[in-house]
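Novice: Once you've had a glance at the structure underneath, I'll fire off some questions.
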Amino acid sequence: MDLGLEVEERNGHTVLAVKGEVDVYTAPRLRERLVELVTEGKRNIVVDLEGVDFLDSTGLGVLVGGLKRLRSNDGEMSLVSTQSRILKVFEITGLTKVFSIHDSVDAATAS
Amino acid sequence: MVELEIPAEPEFVGLVRLFVSSLATTRRELADDRVDDLKLAVSEACTNAIDAHVGKATSDRVIVRWAEGDDRLEVSVNDRGPGFDPSSIPQHPPVTDPERLNFERGLGIPLIRSLVDEVDFKPSAEGTVVTLVMYCGPAEE
Chain A
1 MDLGLEVEER
11 NGHTVLAVKG
21 EVDVYTAPRL
31 RERLVELVTE
41 GKRNIVVDLE
51 GVDFLDSTGL
61 GVLVGGLKRL
71 RSNDGEMSLV
81 STQSRILKVF
91 EITGLTKVFS
101 IHDSVDAATA
111 S
Chain B
1001 MVELEIPAEP
1011 EFVGLVRLFV
1021 SSLATTRREL
1031 ADDRVDDLKL
1041 AVSEACTNAI
1051 DAHVGKATSD
1061 RVIVRWAEGD
1071 DRLEVSVNDR
1081 GPGFDPSSIP
1091 QHPPVTDPER
1101 LNFERGLGIP
1111 LIRSLVDEVD
1121 FKPSAEGTVV
1131 TLVMYCGPAE
1141 E
């Protein structure tokens, strides 16, 4: 199972586009990539989840850990998703109040 | 009943999701979002089962059983781990508390509870059986 992780700079933000299924098998790769980006000095990260077909609690945990790492380095992380099946997982766990979730990369990188 | 036996390793959880979603979509009239709910709940239960095997022999297997009733689907996940008490899961701080970010784990069981209609955690002779129930329409002719 492949997890796509593509990075591009846009409007002062680092956009990490995730593609595929994020679960207990693939989430460690997402964690590694986020840690690398913070280590490289990236401080405004947008994680684009539009290409994600499946996200479980392990994936949520990695995103929570990424947000914590960024905030403790004076950074910030936001998310992009419009898919109900992905948004539902954030809603059930209450994490919609923790993350700033945008409906497009343009909106997430506008400020 | 249909049974799938997998090695207790993370790479096989995706196979369990395919097993559940293909059975749910071909055998019962279940809306797409309910299939997604069942798939995620079973996936979470398998992740916990595999986690329970960490440190044990890798030859251990996790067994997923699919059973159907007139108005329900039942999926059980059987592991050979040391067992756990689902009521012992620590409560997270409120999401508005900055301390919430210190907790990356412990979301699987609350997710399972809200995604399916019934869930039961039982110790078995070998480990733990988690049974997930989803109510649904009658079987396809």
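Protein sequences, first through last, are from chains A and B. Going by my numbering, the first sequence opens with residue 1, and the numbers climb by one from there. Going by my numbering, the second sequence opens with residue 1001, and the numbers climb by one from there. For glycine and all other residues, C-beta sits at the position ideal for the given N, C-alpha and C. In this text the structure is predicted, and so the values were computed from the model without any measurement.
(1) At 7 Å on the CB atoms, spell out the chain B contacts of Ile92(A), in chain order.
(2) Within 10 Å of its beta-carbon, does Arg139(A) have 16 or more other beta-carbons around it, so buried, or fewer, so exposed?
(3) Using a C-beta to C-beta distance shorter than 9 Å, which residues of chain B count as neighbours of Leu60(A)?
(4) Which residues share a DSSP beta bridge with Tyr118(A)?
(5) Can you tell which of Asp103(A), Ala107(A), Asp56(A) has its C-alpha closest to the C-alpha of Gly20(A)?
(6) Write down every uninterrupted run of the beta strand (DSSP E) in the segment 1066-1110 of chain B whose length is 3 residues or greater and which is fully enclosed by it, in chain order.
(7) Nearest to Ser72(A) by alpha carbon, out of Val35(A), Asp2(A), Ala17(A)?
(8) Note down the Cα distance separating Lys1039(B) from Glu1099(B), rounded to an integer number of angstroms.
(9) Excluding sequence positions up to five away, which residues of its chain have a Cβ less than 8 Å from the Cβ of Asp53(A)?
(10) The ligand MN and Val1062(B): does any heavy atom of the ligand fall closer than 7 Å to the residue's C-beta?
(11) For a contact meaning CB atoms closer than 9 Å, what does Asp23(A) contact in chain B?
(12) State the CB to CB distance for the pair Ala108(A) and Ser78(A), rounded to an integer number of angstroms; the pair is presumed to be in contact (CB under 8 Å).
(13) Considering Asp1120(B), what are the terminal residues of the beta strand (DSSP E) in which it resides?
(14) Under 8 Å Cβ-Cβ, which residues of chain A neighbour Ile1050(B)?
(15) Closest to Ile86(A) by C-alpha separation, out of Val24(A), Arg29(A), Gly59(A), would be which residue?
(16) Let me check one thing: in DSSP terms, what residues is Arg1061(B) bridge-paired to?
Specialist: On the basis of the data shown:
(1) By Cβ distance, chain B contributes Leu1111, Ser1114.
(2) The requested residue 139(A) is not part of the displayed model; chain A covers only 1 to 111.
(3) Glu1104, Leu1107, Leu1111
(4) Examination of residue 118(A) is not possible in this model, given that chain A is present from 1 through 111 alone.
(5) Asp56(A)
(6) 1072-1079
(7) The shortest C-alpha to C-alpha distance from Ser72(A) to any of Val35(A), Asp2(A), Ala17(A) is the one to Val35(A).
(8) 31 Å
(9) Within the same chain, Asp53(A) has close Cβ partners Gly20, Glu21.
(10) Among the components of this structure there are no ligands whatsoever, and the ligand MN is therefore not found.
(11) Pro1010, Val1013, Gly1014, Arg1017, Ser1043, Thr1047
(12) 5 Å
(13) Residues 1118-1123.
(14) Val24
(15) Gly59(A)
(16) DSSP output for Arg1061(B) lists Pro1007(B) as bridge partner(s).
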